[in-house]
Amino acid sequence: MCRFLLYKGSDEILLSKLILDPSHSILKQSFDSRLRLDTRRGQNNADGFGIGFYTDPKLGSAPCLFTSTVPAWNCTNLHRIASKTASRLIFGHVRATTEGSLSEDNCHPFTHASLMWMHNGGLGGWKYIKRKLCDRLADKWYLQVKGGTDTEWAFALFLDTLERLGHDPSSAPETGFGPNVLRKAVELTISQINELTDSIPQDILQNEDVDTRSLLNFAVTDGHSVICTRYISSSTDEAASLYYSSGTQWVTRTSDPNDRQYQMERKDRGADIVLVTSEPLTFERENWVNVPTNSILTIHRQTVMIQPIVDKYYERDPYHVRSSAFVQAKGLVSNEKVPSRTASGSGTGTAASRFAAQNLSSRSASPDRARRSRTPLSMYEARIP
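Residue numbers for the sequence shown follow the UniProt record's numbering, so the first one is 1 and each next one is one higher.
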């Protein structure tokens with residue numbers, strides 16, 4: 001599985017402060033992914049990387065993209081570029097291939113006009129649904145796919161869906177499509193992927209032992225709003241890990257130029273900076289909030305909002321326990337917490353959660369507040385988590 005991060009801030013930030021410098025930066029995750037099981041640690045995220053970022057609007061609305069098949073830790077040009085490039089909206093991705101060959105065409109993020117897209121996970125039963133997915137696409141979206149990843153085909157499906165909703169993906173309004181439009185298009189994209197996997201004949205499922213569960217941690221932006229999902233097409237399994245952090249400043253603990261211990265500062269109730277990551281970039285666990293399984297996160301202006309993805313896999317019971325076996329088999333450890341039914345409110349996580357806690361150590365993990373409150377996650381909105 002891959003790893004990604006995104007940054008959205010009111011001010012520009014050097015890419016190096018996210019990609020290179022933090023104690024558990026995405027570059028370090030490319031060879032030391034803490035939320036993998038020990039038995040899988042040999043499978044690094046070494047199948048290429050990509051960074052995408054938005055520049056001065058005078059240069060156009062499309063993001064700048066740099067991808068390479070060289071492992072991120074071994075790319076001199078990445079260090080050179082990241083140390084001299086700043087942006088208000090950044091996507092970063094390190095790849096561990098599941099579909100598609102080692103090629104720059106298969107490196108995330110993927111872009112079209114002002115839109116940028118990346119993914120951690122995989123589409124269930126991919127080789128059995130690929131042809132049907134292609135059949136759903138208008139010719140222009142089918143023909144723009146250059147690589148062989150399920151992610152790029154999912155992006156094509158998203159673009160096709162956005163157009164069917166009445167919005168031209170090639171010509172975004174000056175202020176973007178808006179969070180509601182992007183969120184609706186992402187939800188419909190997920191729904192269509194589920195329809196495709198549901199259509200695989202039963203005899204194929206049984207005879208060829210096809211796993212139709214999709215891990216769909218998507219991230220998409222139009223340069224203004226950002227939509228992220230943490231999703232699995234299952235009501236009994238946990239999704240791949242996803243965290244976010246928000247505050248007013250992303251700074252080191254000291255003024256020492258060699259200090260790599262970053263932290264999120266909160267000087268007021270604003271969310272001037274929002275980070276979303278597959279794994280926390282630091283070991284300050286109180287800085288990071290778990291995104292619940294099967295939910296969608298929206299970043300717009302200074303607001304972070306989390307809503308459930310309500311479909312047949314949605315569980316209204318806040319105490320519903322999901323298994324970590326599937327993400328363990330994929331080489332991941334989920335970040336989902338299991339709430340306790342006791343009066344004290346303290347509970348124990350799954351073995352996977354305990355493993356993650358040991359690796360990410362420090363203080364107690366940020367609680368999944370929507371679940372802990374016993375209130376179904378209908379909407380969670382905050383200026384600051």
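Backbone N, C-alpha and C fix where the C-beta goes; we use that ideal spot for every residue, glycine too.
Tyr319 counts as exposed, since fewer than 16 other beta carbons sit within 10 angstroms of its beta carbon.
In the structure shown, the three-state DSSP call for Cys134 is helix. Assignment of Ser114 by DSSP, reduced to helix, strand and coil, places it in the coil class. Between Leu205 and the set Gly125, Thr254 and Tyr313, the nearest pair of CA atoms involves Gly125. In the three-state DSSP reduction, Ser61 falls in the coil class, being neither helix nor strand. For His79, the enclosing alpha helix (DSSP H) covers residues Thr76 to Ala82. Looking at the DSSP output, Pro109 shares a beta bridge with no other residue. Taking Ser295 as the centre and dropping the five residues before and after it, the same chain places the C-beta of Arg230, Ile306, Gln307, Pro308, Ile309 and Leu377 closer than 7 Å to its C-beta, in chain order. For Val327, the secondary structure class from DSSP, reduced to helix, strand or coil, is helix.
DSSP places Tyr128 within a helical segment (H, G or I) once states are collapsed to three.
The shortest CA-to-CA distance from Lys146 to any of Asn106, Glu286 and Lys140 is the one to Asn106. Burial state of Ser16 is buried, judged by a 10 Å Cβ sphere holding 16 or more other Cβ atoms.
Less than 8 Å separates the beta-carbon of Glu279 from that of Arg3. Between Phe283 and Ser83, the C-beta gap is not smaller than 8 Å, which leaves the two residues out of contact.
In this structure the region 179–191 does not lie against the region 124–141, because fewer than three pairs of beta carbons, one per stretch, are closer than 8 Å.
DSSP places Lys8 in the strand class (E or B) of the three-state scheme. Within the same chain, Cβ atoms closer than 7 Å to the Cβ of Leu196 are found at Ile129, Lys132 and Leu133, the five residues on either side in sequence being excluded. Within the same chain, His167 and Asp222 come within 6 Å of Phe177 by CB-CB distance, once the 5 residues on both sides are set aside. Taking all protein chains in view, the Cβ of Gln263 is crowded by 16 or more other Cβ atoms within 10 Å, so the residue is classified as buried. The DSSP assignment places 243–247, 249–252, 262–265, 273–277, 295–300 and 303–308 as complete runs of the beta strand (DSSP E) inside the region 238–320, in order along the chain (cut-off: 3 residues).
Using a 10 angstroms sphere on the CB of Leu20, the tally of other CB atoms reaches 16 or more, which defines it as buried.
The alpha-carbon of Leu275 is positioned some 10 Å away from that of Leu89.
Runs of beta strand (DSSP E) with 3 or more residues, each lying fully within the region 172–251, are found at 215–221, 226–230 and 243–247, listed in chain order.
The alpha-carbon of Leu182 is positioned some 40 Å away from that of Asn258. Looking at the DSSP output, Phe53 shares a beta bridge with Cys64 and Ile90. Spanning the alpha carbons of Ala239 and His93 requires a straight line of approximately 18 Å. From the listed residues Glu286, Ser235 and Glu12, the smallest Cα separation to Val321 is found for Ser235. No Cβ-Cβ contact shorter than 8 Å links Phe91 with Gly48. Rounded to the nearest angstrom, the gap between the Cα atoms of Ile227 and Lys184 is 10 Å.
Judged by DSSP in its simplified three-state form, Leu15 adopts coil rather than helix or strand. Between His119 and Asn217, the beta carbon gap of about 7 Å places them in contact (Cβ cut-off 8 Å). Between Leu242 and Val291, the CB-CB gap stays under 8 Å. In terms of Cα proximity to Arg316, the closest of Thr293, Phe155 and Leu281 is Thr293.
Distance from the CA of Glu152 to the CA of Lys127, rounded to the nearest whole angstrom, comes to 14 Å. Cβ atoms of Lys8 and Ile193 stay farther apart than 8 Å, at about 26 Å. Exposure of Ala138 is indicated by the presence of fewer than 16 other C-beta atoms within 10 angstroms of its C-beta.
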